[in-house]
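Protein chains in written order, with my numbering: chain S, 120 to 494; chain U, 422 to 676.
(1) Taking just the CA atoms, how far does residue 381 (chain S) sit from residue 273 (chain S)?
(2) Taking the beta carbon of residue 476 (chain U) as the centre, do at least 16 other beta carbons fall within 10 Å, making it buried, or is it exposed?
(3) Identify every residue that forms a DSSP beta bridge with residue 433 (chain S).
(4) Under three-state DSSP, which class holds residue 505 (chain U)?
(5) Keeping to the same chain, check which residues put their C-beta closer than 6 Å to that of residue 616 (chain U); ignore five residues upstream and five downstream.
(6) Within 8 Å of any Cβ in chain S, is that where the Cβ of residue 488 (chain U) sits?
(7) Mind pulling the alpha helix (DSSP H) runs of 4 or more residues that sit fully within the region 368-426 of chain S?
(8) Closer than 7 Å: is that where the CB of residue 415 (chain S) sits relative to any heavy atom of the ligand GDP?
(9) DSSP three-state label for residue 278 (chain S), please.
(10) For residue 645 (chain U), name the three-state secondary structure that DSSP assigns.
(11) Taking Cβ-Cβ distances shorter than 7 Å, what residues in chain U pair up with residue 164 (chain S)?
(12) I want to know whether the region 296-306 of chain S touches the region 261-271 of chain S - three or more CB-CB distances under 8 Å.
(13) Of the residues that make up the region 131-165 of chain S, which ones have a beta carbon closer than 9 Å to any beta carbon in chain U?
(14) Please check if any C-beta of chain S sits within less than 8 Å of the C-beta of residue 435 (chain U).
(15) Contact criterion: CB-CB distance below 8 Å. Does residue 170 (chain S) meet it with respect to chain U?
(16) Pairs of beta-carbons, one from the region 534-549 of chain U and one from the region 563-579 of chain U, closer than 8 Å: are there three or more?
(17) Please state the DSSP three-state secondary structure of residue 445 (chain S).
(18) Specify, as a first and last residue, the run of the beta strand (DSSP E) that residue 304 (chain S) falls within.
(19) Could you tell me the distance, in whole angstroms, from the CA atom of residue 560 (chain U) to the CA atom of residue 420 (chain S)?
(20) Given residue 496 (chain S), which residues of its chain have a CB within under 7 Å of its CB, disregarding the five upstream and five downstream residues?
(21) My assumption, with CB atoms under 8 Å, is that residue 525 (chain U) sits in contact with residue 588 (chain U). Please give the rounded CB distance.
(22) Are residue 399 (chain S) and residue 449 (chain S) touching if we call contact CB-CB under 8 Å?
(23) In chain S, which residues lie with their C-beta within 9 Å of the C-beta of residue 473 (chain U)?
(24) For the pair the region 174-189 of chain S and the region 133-145 of chain S, tell me if three or more CB-CB distances fall below 8 Å.
(25) Among S:130, S:369 and S:131, which one has its Cα closest to the Cα of residue 401 (chain S)?
(26) Residues in the same chain with beta-carbon distance under 7 Å from residue 567 (chain U), minus the five sequence neighbours each way, listed in chain order, please.
(27) According to DSSP, what are the bridge partners of residue 348 (chain S)?
(28) Which one or two residues does DSSP pair with residue 587 (chain U) in a beta bridge?
(29) Helix, strand or coil for residue 178 (chain S), going by three-state DSSP, please let me know.
(30) Return the CA-CA distance between residue 392 (chain S) and residue 300 (chain S), expressed in angstroms with no decimal places.
(31) With distances taken from CA atoms, which of S:424, S:189 and S:162 is nearest residue 439 (chain S)?
(32) For residue 458 (chain S), which residues of its own chain have a beta-carbon under 8 Å away from its beta-carbon, when the five flanking residues on both sides are left out?
(33) Taking buried to mean at least 16 other C-beta atoms within 10 Å of its own C-beta, is residue 237 (chain S) buried or exposed?
(34) Output the distance between the C-alpha atoms of residue 170 (chain S) and residue 508 (chain U), rounded to the nearest integer angstrom.
(35) Using CA atoms only, rank isn't needed, just tell me which of S:155, S:375, S:403 and S:133 is closest to residue 148 (chain S).
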């Protein structure tokens, strides 16, 4: 973390006997924390002349940065796209339950919905720091309704929209105030998308390309306007074609602004993408890869029928389809399962551990612990 | 002196480490009794390759030493000579150096006491010789202009005051310096030679470092390895000592 070395008076915590991720490698190093910030132990030693107040033995395990899920539609029966009276407690429940998956911050995601839903729900989900109560809310991810009809996937056709008439004003009218919004997924082939992308980027909102039939040129232009992310690569977009790679081609495009890294979400639940495709993406552009769950309200619940926004969804094992169809509708694999799947698929760094989450820390505080690890 | 010859760099390092461990255990340090380990000094604090980073990453972070018990010469001090004088005082206050561990430069220097340094010198500012600057260039991406030309260093006299001195010498490029240090006379051009007049010195080296020595010297000391290896036999650790009733008394072997 950047910034000062935490409150100088606070207790210094030293996590020892662990492996941490640094520079793309797992190193045998201690992790020092004070006042919720990671410390530089060298500075502490030489400048403040202090030692740790408390040591925690990690039993040789891996200390990984908390997972951040930027695409999660709900879980444990909670649907973020439902305009209920108490949206806040639904978000809080999901925030608390995903701690056991190792997720320490997330972007609650809303699927294509009518404007009334956005106007009611968006103001009720503010940005919030994580803690013992649950993972932190980084801001909302609005996926749709400005997406392609052809590639809508599980999004309801009736509520798709365009912003041809009034560009950014159309978007504002649909969503309402954007204070709590962090990411917007849209299809760049829609008319006047460049104005919209520029306006969103100017407000610090991340624009992601997805649910689109854009070709590579259109996608590149969108990146020049400010887009920096791709929503669930391979899904809901044109397939890679050797004469027109489409959005997938952004991973290796040489026509992007200098120094810009394009990031892309991947759902590594074993269903949405074939492991071979995962590997191709990873090998082509490893630095841009972001694992997302795209989890739906059925996450953590059993098989059967559940809702997702305005749609009904059937869950069977680790797959979820729009009821009565073969259209994939989000995922129910928790983040740590996705991480393990990804490890299996790409086979980097073979470890003894099986990456099962043992404990979750937010700002140096233990917020969740596996039963076996409890003393 | 004791000349310890091991086959490879890693074995020499291990022998030295075990020896230091044994010395600390035998000394039986406590809150009022400091085992003062002396080490040579280096580059200014700010530099990423600074001596502070080096000491932190290679030593301090692996042990449970309290930062207040570490004293490193500060190359950024306002009054450098006062810094050096204060350092000498700190050594006295801690009861003197029990064991000084150092290496040797290709020009036979100990710490940064370059050829020509007084053999009774104390901690002071030294201008570095070209040989040393060239050797340090590897820490500065090979750019000679970036290498510091001055350093604070303990003096030869300061090290001579230590109760025991251990010098680590590995690699063929140090072989000539080792020869000059132990087979020729005491000479301020090869400052390590000063330790010929120290009552308790241990030179730990690998085969390559002995390349310039007389066969007779090497054979003599290799023959003593049976005896010398007893010095690194495992002793009871300090923690175990408290619970152990009968502790076999191991006195350090002396010449």
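Even glycine gets a Cβ: it sits at the ideal position worked out from N, Cα and C.
Because the structure is a prediction, the values reported are computed rather than measured.
Inspection of the coordinates gives the following:
(1) So the two alpha carbons sit approximately 25 Å from each other.
(2) The residue in question, residue 476 (chain U), is buried, as its Cβ has 16 or more Cβ neighbours within 10 Å.
(3) In the DSSP secondary-structure assignment, residue 433 (chain S) is bridged to S:424 and S:440.
(4) The answer is helix: DSSP assigns residue 505 (chain U) an H, G or I state.
(5) Answer for residue 616 (chain U): 586 and 622, listed in chain order.
(6) Chain S, which has a Cβ nearer than 8 Å to the Cβ of residue 488 (chain U), makes this yes.
(7) If we require 4 residues or more, the alpha helix (DSSP H) runs fully inside the region 368-426 of chain S come out as 394-403.
(8) No copy of the ligand GDP occurs in the structure displayed, which carries no ligand at all.
(9) Secondary structure at residue 278 (chain S): helix, using DSSP grouped into helix, strand and coil.
(10) The three-state secondary structure of residue 645 (chain U), taken from DSSP, is coil.
(11) The contacting residues are 477, 481 and 488.
(12) Below 8 Å, enough C-beta pairs join the region 296-306 of chain S and the region 261-271 of chain S to call them touching: three or more.
(13) So the list reads 148, 149, 160, 161, 163, 164 and 165, given in the order they occur along the chain.
(14) No - not a single Cβ of chain S is within 8 Å of the one on residue 435 (chain U).
(15) Output row for residue 170 (chain S): interface = yes.
(16) Yes, the region 534-549 of chain U touches the region 563-579 of chain U.
(17) Coil, per DSSP.
(18) Residue 304 (chain S) -> beta strand (DSSP E) spans 300-305.
(19) If you draw a straight line from the Cα of residue 560 (chain U) to the Cα of residue 420 (chain S), it comes to about 57 Å.
(20) Because chain S is modelled from 120 through 494, residue 496 (chain S) falls outside the range shown and cannot be assessed.
(21) Rounded to whole angstroms, the Cβ separation of residue 525 (chain U) and residue 588 (chain U) is 6 Å, and the two are in contact under 8 Å.
(22) No; because the gap between Cβ atoms is not below 8 Å, this pair is not in contact.
(23) Those within 9 Å of residue 473 (chain U) in chain S are 161, 164 and 165.
(24) With a cut-off of 8 Å, the region 133-145 of chain S and the region 174-189 of chain S count as touching, because enough Cβ pairs lie within range.
(25) Selected option, being the one with the closest Cα: S:369.
(26) Once the five neighbours on either side are set aside, the close Cβ partners of residue 567 (chain U) are 561.
(27) Looking at the DSSP assignment, residue 348 (chain S) forms a beta bridge with S:327 and S:382.
(28) Paired residue(s): U:522 and U:623.
(29) Reduced to three states, the DSSP call for residue 178 (chain S) is coil.
(30) Spanning the alpha carbons of residue 392 (chain S) and residue 300 (chain S) requires a straight line of approximately 28 Å.
(31) Ranking S:424, S:189 and S:162 by Cα distance to residue 439 (chain S) puts S:424 first.
(32) The residues are 186, 221, 387, 410 and 474.
(33) Residue 237 (chain S) is buried by the Cβ-count criterion.
(34) About 23 Å.
(35) Considering only alpha carbons, the answer is S:133.
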